[in-house]
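Student: This is the structure, below, for whatever I ask next.
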Amino acid sequence: MRDILVFLKQVSAGNNVKIDPQTNTLIRQSARVQTNPDDLHALQMAVNLKMQMGGGKITAISMGPLRAEKTLREAIMFGADNAVLVTDKHFGGSDTYCTSSILAATVIKISPNAVLFFGKQTIDGDTAQVGPGVAAHLNISQLIEVLEIKEFNDDFIVVEKKCNNGSQEIKSSLPCVITVSKNTTKLPVPTLNMWLKSQEAEILHLGIADLELEIQKVGLKGSPTKVIKTEVPVFEKQPIEWLKTSEDLATVLFSILSI
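If you want it as structure tokens, here you go:
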């Protein structure tokens, strides 16, 4: 029975985020955080697959600072069996290429033949690159925007995935990467027992030495993507407020649309 690995990211909640003037990267400590929505739906699809298999183990994985343990405990509350935090000061500033290489090394360390679940994309970077990047590093199949798992056994998987304006069924060998977007699954209401389990769970930490990675190949040093400049968008147009009757408002709107 194959292991299942689900990758979740702790992202900023809201727009109140500061930028480091030296590295041009987000200062994540400056904002409230939440678990990336797509990732929670990927977790739920993984939980559904575990039920379909009649067993198995789901490991939730997150890469980030120590406070990302909160996201992993949330994952356990929603059905993950255990959790791993990939954390090291040298990982800070990693772009999507470096992040996917670090997570690929994590897969090799934990369970090379596992089925890997990712959210389609995160609400901060919005690149949709990490899941496919891990697949590329591991040289395994990737199934993007999966809507439903139709069939699964030790040799292959059949899924229905989004395709243009419709969907299609695809059969793939295993292991593979599956990405999921929100609204694909329905998240359950956590129980008190699951919450208690999440709070008591021991979270394994893996750093650069554990993954046998080189310092110059991770973080800002190892990232081929460089942020040259960041700026806050300026909104030049100001809203106009009319405190008039509906008839007067209709006349004004008609005159604007007629220009």
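Sequential numbering from 1204 applies to the sequence shown in my numbering.
Idealized CB from N, CA, C, for every residue including glycine.
1. Which residues does DSSP list as the beta-bridge partners of Q1213?
2. On the three-state DSSP scale, how would you describe G1422?
3. Fully enclosed by the segment 1240-1312, which beta strand (DSSP E) runs are 3 residues long or longer?
4. Measure from the alpha carbon of D1358 to the alpha carbon of each residue in Y1300, L1377, S1314, then state which is nearest.
5. Just to confirm, is the Cβ distance from V1214 to I1326 under 7 Å?
6. So, with DSSP's three-state summary, where would you put E1354?
7. For A1263, which option in R1276, L1269, L1252 has the closest C-alpha, if you only look at C-alpha atoms?
8. Sort out for me which residues DSSP pairs F1321 with in a bridge.
9. Locate the alpha helix (DSSP H) running through S1401, then write down its first and last residues.
10. Run through DSSP, which three-state label would L1346 get?
11. Going by beta carbon distance, what residues of the same chain come within less than 7 Å of F1355, once the five residues before and after it are set aside?
12. Assuming E1363 is part of the alpha helix (DSSP H), what are its boundary residues?
13. Quick check on D1329: buried or exposed, where buried means 16 or more other Cβ atoms within 10 Å of its Cβ?
14. Mapping the DSSP letters down to three states, classify E1450 as helix, strand or coil.
15. Helix, strand or coil for I1373? Go by DSSP, reduced to three states.
16. For the segment 1292-1311 against the segment 1335-1343, are there 3 or more C-beta pairs whose distance is under 8 Å?
17. Looking at the strands, I want to know which residues DSSP matches up with H1408.
18. Do you know how far the Cα of E1403 is from the Cα of N1386?
19. By Cβ distance, which residues of its chain are closer than 6 Å to P1240, with the 5 residues on each side in sequence left out?
20. Rounded to whole angstroms, what is the Cα-Cα separation between D1242 and L1211?
21. Any beta-carbon of chain C closer than 7 Å to the one on V1337?
22. Grouping DSSP H, G and I as helix and E and B as strand, with all else coil, what is P1391?
23. Can you tell me whether DSSP reads L1456 as helix, strand or coil?
24. Excluding the 5 residues flanking T1290 on each side, which residues of the same chain have their C-beta closer than 8 Å to its C-beta?
Tutor: Short version:
1. T1238
2. Reduced to three states, the DSSP call for G1422 is helix.
3. 1261-1266, 1285-1289
4. L1377
5. yes
6. strand
7. R1276
8. F1210, T1382
9. 1395-1403
10. Per DSSP, reduced to three states, the secondary structure at L1346 is strand.
11. By the criterion of a C-beta distance shorter than 7 Å, F1355 is surrounded in its chain by L1252, Q1255, M1256, once the five residues flanking it on both sides are discounted.
12. Careful: E1363 lies outside any alpha helix (DSSP H), inside the beta strand (DSSP E) at 1359-1366.
13. exposed
14. helix
15. strand
16. yes
17. L1288
18. One alpha carbon belongs to N1386, the other to E1403, and they sit about 30 Å apart.
19. K1385
20. Here the alpha carbon of D1242 sits roughly 5 Å from the alpha carbon of L1211.
21. Considering every chain present, this structure includes no chain C. It has just one protein chain.
22. coil
23. Looking at L1456 - three-state DSSP - the assignment turns out to be helix.
24. M1266, G1267, P1268, L1269, A1271, H1408, L1409, G1410
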